[in-house]
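Presented below is the structure to which this report refers.
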Amino acid sequence: MIKNCSLIILAGGQSKRMNYNHKFLLPIGDKTFISKILEESINFDKIILSLNSNQKFYYNSDIKIVYDHYEKIGPLGGLYSSLNALETDFAIVIPCDMPYISNELLTYLLQFITPHLDAVIIRDNNNKINPLFGIYHKRSLPKLEEYITSGNYKATTFLNSLETKEISLEYTIFNNEKIFLNVNTCEDYNSFNLKLKKPVFFAVSGSKNSGKTTFIQKLIQYFVLEGKKVGTIKHDGHDFIGDTPGTDSFKHREAGATKTLVYSKNKYMLMDYEQKLSTEEFLDFFLGYDLVILEGFKYSDFPKIEVIRELNSMKPICNQKNLMCIVSDFNFQSDVPIFNFNNLEEIIKEIKKNIFKGEY
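Final position of the sequence shown in this note's numbering is 364; the numbers increase by one with none missing.
Here it is as structure tokens:
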């Protein structure tokens, strides 16, 4: 537990550009801004949440909630009230609308606490700083009050008056572009939430050599032309070789590496030989996608289409639960619709009815 440094979360803004919605309570994915930050700050013994007088927050924890002493002066009002309530010498200060703040980043910043400094601020790759994201010492409070009472509410001007150190995340594991992302407007918010949207999915199943891959290719082409972002997951019942024998990464694996990653400017390949993930967890790799098509999974309970060819299999072999339809080159008795391979239009209608509910 971190006891020598508090965490201050600034959430008391008026949110004019967000139609006056309290940003810290807005959902992002399956969480809210504030719940996401609190989840990432579990190692902090003392957490201060700065709000304005019109906001309320009920949370079963030891979070200290402070309200603006100086109202409607911008973020310096929240910073003043928070530093005034500080029980430790230092605090990491973060705005509530930076969704990529992580426990690893907060822990990393602790090493830059220096007794003689008033503040430590992070400069991004574009040589810009966010004065409300960094480390502040409590002794900066009197100078902050001096600026506020004189009517100077600019955070950068106040910061320039302090004994400050600037640091960079350029040569660290942290993604600068993500870390410094602020969700300030409704457009920002909608765009960010789209990236976290979980895709709908279904499986295309059937016997070996029944034409699943060819059929999936047609589905992909259709939905991509319709403007959908499509991904695929292929289940292999055998232990496939994902890397090529003789390559450097293959040799790394042979030497004992349990995870290897190869990347270039436009793509990357991660081979993990140790971590066992469920299909649902693999789907999390496709956040922001519209559709993921699974190939295989004939015994699963997933929504599925079964592909049957007369020369290959004369009857269904898949788990019938959530079977949407059958695609085949011959007719037979079935409890679900049967479509010919060439009847793509009707197959698409069936997929939209079952998978894209309410979108068409």
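Even glycine gets a Cβ: it sits at the ideal position worked out from N, Cα and C.
Every value quoted in this text rests on a predicted model; they were computed, and no experiment measured them.
Residue i, buried or exposed, once every other Cβ within 10 Å from all chains shown has been counted against 16
i    : result
M102 : buried
E44  : buried
G138 : buried
T264 : buried
D243 : exposed
Y193 : buried
F205 : buried
I220 : buried
I46  : exposed
F289 : exposed
A259 : exposed
K216 : buried
H26  : buried
P135 : buried
I365 : Given that the chain is displayed from residue 5 to residue 364, the structure contains no residue 365 and the question cannot be resolved.
V228 : exposed
S19  : buried
K302 : buried
Beta-carbon proximity check, residue i vs residue j, cutoff 8 Å
i    : j    : result
I297 : V234 : yes
V124 : I12  : no
Y84  : I152 : yes
Y157 : L87  : no
E191 : D122 : no
I38  : F48  : no
I351 : V331 : yes
V340 : L348 : no
L299 : H256 : The sequence given here has Glu at residue 299, not Leu. No, Cβ-Cβ distance for E299 and H256 is not below 8 Å.
K199 : L291 : yes
E75  : R127 : no
F178 : L109 : yes
L2   : K232 : A question about residue 2 goes unanswered here, because the residues of the chain that appear run from 5 up to 364.
N316 : S214 : yes
K40  : S10  : no
K319 : D305 : no
K35  : D93  : no
G16  : D72  : yes
T160 : R21  : no
T248 : F254 : yes
Simplified DSSP assignment, three categories, for residue i
i    : result
K280 : coil
V187 : coil
R127 : strand
A207 : strand
F94  : strand
I342 : strand
K4   : Any question about residue 4 goes unanswered here, given that the chain covers just 5 to 364.
E44  : helix
L113 : helix
M318 : coil
S85  : helix
H26  : coil
S195 : helix
E181 : helix
T218 : helix
E170 : strand
P401 : Outside the modelled stretch of the chain, which goes from 5 to 364, sits residue 401, for which no answer is possible.
I237 : strand
K35  : strand
P146 : helix
S154 : coil
S19  : coil
I6   : strand
L163 : helix
I351 : helix
L121 : coil
Beta-ladder partner(s) of residue i, from DSSP
i    : result
Y104 : In DSSP, Y104 forms no bridge with anything.
Y71  : L55
L200 : Partner(s): none; L200 has no beta bridge.
M275 : T264
H141 : F94
V228 : Answer is none; V228 lacks a bridge partner.
S332 : I312 and N344
I359 : In the DSSP output, where bridge partners are listed per residue, I359 has none listed.
Proximity test, residue i beta-carbon vs the ligand HEM heavy atom, cut-off 7 Å
i    : result
P320 : Absence of the ligand HEM from the depicted structure is noted, as is the absence of any ligand whatsoever, leaving it without description.
Stretch-stretch touch, CB-based, cutoff 8 Å, three pairs: the stretch 77–87 with the stretch 49–60: yes
Meets three-Cβ-pair contact criterion under 8 Å: the stretch 301–320 and the stretch 194–211: yes
The stretch 106–118 / the stretch 60–69 touching (three or more Cβ pairs under 8 Å): no
Three CB pairs or more closer than 8 Å across the stretch 329–340 and the stretch 271–291: no
Contact between the stretch 179–188 and the stretch 102–112 (3+ Cβ pairs under 8 Å): yes
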